[in-house]
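Student:
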Amino acid sequence: MSNRGDVLAVLRDNARYTNEDIARQTGLSEEEVESVVDDLESEGVIKGYTAVVDWEAVEGGDEPIRATVELNVTLDRETSYTDIADRIAKFSQVKSLRLISGDYDFDMLVEGDSMSEVSHFISDKIAPIPEITQTVTHYIMESYKEQGIEFGDGPDDDRLSISP
Amino acid sequence: MTFEPADRVDQVPPSGIRRFFELAEEMDDIISLGVGEPDFSTPWSAREAAIASLEQGKTSYTANRGKRELRERIAADVAERYGLDYDPDEEVLVTTGASEGVDLAFRSLLNPGDEVAVAQPCYVSYKPGVTFAGGDVIDVPTRVEDDFKLTREVLEDSGAADADALVMCYPNNPTGATMTGAELEPIAEFAREHDLLVFSDEIYSELSYEHDHTSIATLPGMRERTVVFNGFSKAYAMTGLRLGYALAPPEAITAMNRVHQYTMLSAPTTPQYAAMDALDNCADEVAAMREQYDRRRQFVLSRFEEMGVECFEATGAFYVFPEVPDPWTDAETFAEDLLEAESVAMVPGDAFGAGGGGHLRASYATGLDDLKEAMDRLERFVEDAD
Numbered sequence: 155m156s157n158r159g160d161v162l163a164v165l166r167d168n169a170r171y172t173n174e175d176i177a178r179q180t181g182l183s184e185e186e187v188e189s190v191v192d193d194l195e196s197e198g199v200i201k202g203y204t205a206v207v208d209w210e211a212v213e214g215g216d217e218p219i220r221a222t223v224e225l226n227v228t229l230d231r232e233t234s235y236t237d238i239a240d241r242i243a244k245f246s247q248v249k250s251l252r253l254i255s256g257d258y259d260f261d262m263l264v265e266g267d268s269m270s271e272v273s274h275f276i277s278d279k280i281a282p283i284p285e286i287t288q289t290v291t292h293y294i295m296e297s298y299k300e301q302g303i304e305f306g307d308g309p310d311d312d313r314l315s316i317s318p
Numbered sequence: 013m014t015f016e017p018a019d020r021v022d023q024v025p026p027s028g029i030r031r032f033f034e035l036a037e038e039m040d041d042i043i044s045l046g047v048g049e050p051d052f053s054t055p056w057s058a059r060e061a062a063i064a065s066l067e068q069g070k071t072s073y074t075a076n077r078g079k080r081e082l083r084e085r086i087a088a089d090v091a092e093r094y095g096l097d098y099d100p101d102e103e104v105l106v107t108t109g110a111s112e113g114v115d116l117a118f119r120s121l122l123n124p125g126d127e128v129a130v131a132q133p134c135y136v137s138y139k140p141g142v143t144f145a146g147g148d149v150i151d152v153p154t155r156v157e158d159d160f161k162l163t164r165e166v167l168e169d170s171g172a173a174d175a176d177a178l179v180m181c182y183p184n185n186p187t188g189a190t191m192t193g194a195e196l197e198p199i200a201e202f203a204r205e206h207d208l209l210v211f212s213d214e215i216y217s218e219l220s221y222e223h224d225h226t227s228i229a230t231l232p233g234m235r236e237r238t239v240v241f242n243g244f245s246k247a248y249a250m251t252g253l254r255l256g257y258a259l260a261p262p263e264a265i266t267a268m269n270r271v272h273q274y275t276m277l278s279a280p281t282t283p284q285y286a287a288m289d290a291l292d293n294c295a296d297e298v299a300a301m302r303e304q305y306d307r308r309r310q311f312v313l314s315r316f317e318e319m320g321v322e323c324f325e326a327t328g329a330f331y332v333f334p335e336v337p338d339p340w341t342d343a344e345t346f347a348e349d350l351l352e353a354e355s356v357a358m359v360p361g362d363a364f365g366a367g368g369g370g371h372l373r374a375s376y377a378t379g380l381d382d383l384k385e386a387m388d389r390l391e392r393f394v395e396d397a398d
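Here the protein sequences line up with chains R and W, keeping their order.
By the working numbering, the letter at position 56 of the first sequence is numbered 210, and the numbering carries on one by one without gaps.
By the working numbering, the letter at position 320 of the second sequence is numbered 332, and the numbering carries on one by one without gaps.
1) For my contact list, W:G370 and W:A343 are in at a C-beta cut-off of 8 angstroms; report their separation, rounded to the angstrom.
2) Could you tell me whether the stretch 24 to 40 of chain W touches the stretch 252 to 266 of chain W, using the rule of 3 or more Cβ pairs below 8 angstroms?
3) Tell me whether W:S72 is buried or exposed, calling it buried when 16 or more other Cβ atoms sit within 10 Å of its Cβ.
4) Given a cut-off of 8 angstroms on the beta-carbon distance, is the pair W:F364 and W:P133 in contact?
5) Does DSSP put W:Q132 in a helix, a strand or coil?
6) Where DSSP assigns a beta bridge to W:C181, which residues make up the other side?
7) I need the straight-line Cα distance from W:D306 to W:F144, nearest angstrom please.
8) Taking the beta strand (DSSP E) that R:D259 belongs to, which residues open and close that run?
9) To which residues does DSSP link W:S220 through a beta bridge?
10) Once the 5 residues before and after W:R83 are set aside, which same chain residues still bring their CB inside 6 angstroms of it?
11) I'd like to know whether the C-beta of W:I29 is nearer than 8 angstroms to at least one C-beta of chain R.
12) Below 8 angstroms between beta carbons: does that hold for W:A386 and W:L122?
13) Mapping the DSSP letters down to three states, classify R:K249 as helix, strand or coil.
14) Mind checking which residues open and close the beta strand (DSSP E) that includes W:R373?
15) Would you say W:R399 and W:V394 are within 8 angstroms of each other, going by their C-beta atoms?
16) Could one say the Cβ of W:I150 lies closer than 8 angstroms to chain R's Cβ atoms, at least one of them?
17) So that I know if they touch, is there some Cβ in chain B lying closer than 8 angstroms to that of R:D307?
18) Return the CA-CA distance between R:R252 and R:D160, expressed in angstroms with no decimal places.
19) Note down the Cα distance separating W:D22 from W:F241, rounded to an integer number of angstroms.
20) Report the three-state DSSP secondary structure of R:G198 (helix, strand or coil).
21) Quick one: residues in its chain with C-beta nearer than 6 angstroms to the C-beta of R:I238, no 5 flanking neighbours on either side, listed in chain order?
22) Check whether the stretch 207 to 225 of chain W and the stretch 268 to 286 of chain W touch, using three or more Cβ-Cβ pairs below 8 angstroms as the test.
23) If you draw a straight line from the C-alpha of W:L96 to the C-alpha of W:S227, how long is it?
24) Return the first residue and the last residue of the beta strand (DSSP E) that W:G256 is part of.
25) Please tell me whether R:D311 has its Cβ less than 8 angstroms away from any Cβ of chain W.
26) Between R:R313 and W:E37, what straight-line distance do the alpha-carbon atoms span, to the nearest angstrom?
27) Rank W:A397, W:R392, W:D398 and W:A366 by C-alpha distance to the C-alpha of W:F160 and give the top, closest one.
28) Quick one: Cα of W:P186 to Cα of R:N168, how far?
29) Chain W beta carbons: is any one of them nearer than 8 angstroms to that of R:A169?
30) Taking C-beta to C-beta, are R:A281 and W:E303 nearer than 8 angstroms?
31) Do W:V136 and W:V149 have their C-beta atoms within less than 8 angstroms of each other?
32) Cβ closer than 7 angstroms: which chain W residues qualify as neighbours of R:R178?
33) Please determine if the stretch 224 to 239 of chain W and the stretch 200 to 213 of chain W are in contact, where contact requires at least 3 C-beta pairs separated by less than 8 angstroms.
34) What residue range does the beta strand (DSSP E) around W:R315 cover?
35) Closest Cβ-Cβ distance between W:F330 and chain R: below 8 angstroms?
36) Any contact between the stretch 256 to 276 of chain R and the stretch 207 to 224 of chain R? By contact I mean 3 or more CB pairs, one from each, below 8 angstroms.
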């Protein structure tokens with residue numbers, strides 16, 4: 155794999171590794187890693203870094219209300235999927251937005267402090283967009299795995315401490 | 013009549029890692045780099061296939077040689093990956109772990125007094141296996157200056173020319189050494205010249221990081237004198253499911269199966285279903301695990317270099333084999349001192365036979381966070397001793 159591919163693979167595993175630790179895992183020097191990461195960031199390959207949080211484990215009940223929303227749209231000569239997506243993605247409540255194949259067009263993840271906040275956002279801000287013909291909202295009740303990371307404790311390491 | 017061990021059992025010492033295991037087991041919160049098995053679980057798809065087979069009540073014996081559908085898949089798999097061409101009906105035997113295959117080969121193909129050259133350091137069971145089968149072991153110590161590869165020179169120096177058979181394992185446990193096709197050529201030539209059978213344990217074949225694995229059985233004139241052992245334990249993280257296989261010409265498999273049918277009847281059934289699914293569906297997981305091991309390998313090698321601990325560049329399995337750092341001279345003392353002071357376990361190289369002294373086996377079949385912590389502790393320990 156290329157240097158960029160190697161560094162990207164390590165970062166996708168754990169974006170908190172230091173450049174030093176990435177260097178040790180890829181056989182690159184620390185300076186090379188730094189320059190590869192800089193390039194990946196400045197070229198927009200890496201869009202950002204974020205923590206994967208299990209909100210159920212957070213004390214104090216700050217768990218946001220989340221919903222995935224199916225959006226159907228109509229297109230015309232002047233309006234493409236990208237035009238519509240640009241309008242929707244600008245709302246800070248929209249956490250992810252994807253064009254998908256199948257029965258509906260966009261798959262949108264929305265986050266808010268309460269169900270009424272999320273509902274109002276969809277009815278007041280999303281549904282009235284002229285190109286949107288239908289919205290179907292699914293509130294997320296429980297998360298078991300996010301970004302490839304399983305929630306829950308996982309199995310204990312019950313291997314023998316020494317084996318041949 | 014008393015329960016005295018038979019002579020051939022009595023002459024085999026208890027495993028060298030046993031004492032160390034007992035020491036480590038007494039301690040809490042150790043980070044063990046002494047584990048000879050993957051830290052991953054079997055890919056879920058294979059586990060689910062095993063569960064489904066139980067739900068469907070598939071709990072009877074299989075054919076002695078293993079389920080035919082499994083043997084067909086094994087034959088197709090080794091053909092595709094290593095260019096090994098074996099007939100699933102006559103030349104493949106499914107065994108209870110690769111270890112059973114090794115034992116069967118010794119018991120069914122060696123006569124009392126046969127001499128068996130064993131390339132070392134090596135997995136702990138080859139030498140006892142030869143002894144249990146009535147054979148005599150010729151120690152063939154590989155050398156750190158050869159990166160623990162087997163060479164014609166060490167074969168000649170150790171008297172292997174007089175042997176009837178040669179046992180070798182690459183990628184190697186405990187050293188992490190691998191051998192390329194070109195490096196295997198002189199070994200094959202030696203085996204042909206001196207008419208040796210070759211028992212080639214290739215259980216780590218999927219874990220070769222710098223070059224593709226070559227099986228010695230694919231070299232000219234070798235297929236007819238080689239038994240290849242492989243299995244699902246390492247690549248598919250299925251150690252506890254105990255499933256391996258042997259590949260050899262029909263005469264060898266027939267002889268091995270004669271012992272197998274009386275002693276084992278058939279390899280366990282549930283793992284055979286897991287193995288079929290593993291071959292069908294788990295290539296991506298194997299690749300992902302290999303990538304993780306390779307990163308950890310490079311990480312550990314970098315850390316040894318940074319702390320001035322000599323370690324040749326291991327290129328396979330999930331082990332590195334560093335030298336005991338100064339001022340220690342003895343691996344066992346170092347390993348015990350390290351365990352006591354920093355709660356990090358590594359296995360003294362002596363436990364793996366000739367040529368292992370003065371070295372330690374460090375397994376990187378452990379998550380990177382633990383590896384980082386273990387290396388930090390090791391660094392502190394080595395620096396404090398200076």
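All C-beta atoms in this analysis are idealised placements derived from N, C-alpha and C, irrespective of residue type, glycine included.
Predicted model, so just to flag it, every value in this text is computed and none were measured.
Tutor: Reading off the structure:
1) 6 angstroms
2) no
3) exposed
4) yes
5) strand
6) W:D213
7) 36 angstroms
8) R:D259 -> no beta strand (DSSP E), and no H or E assigned at all.
9) W:G328
10) P100 and V104
11) yes
12) no
13) strand
14) L372 to S375
15) This structure gives no information on residue 399 of chain W, because the portion of chain W shown stretches from 13 to 398.
16) no
17) Reference to chain B is not applicable here, since the protein chains of this structure are R and W.
18) 27 angstroms
19) 27 angstroms
20) coil
21) V227 and E285
22) no
23) 8 angstroms
24) G256 to L259
25) yes
26) 11 angstroms
27) W:A366
28) 29 angstroms
29) no
30) no
31) no
32) Q310, F311, S314 and R315
33) yes
34) From DSSP, W:R315 is part of no beta strand (DSSP E) but of the alpha helix (DSSP H) over A295 to E318.
35) no
36) yes
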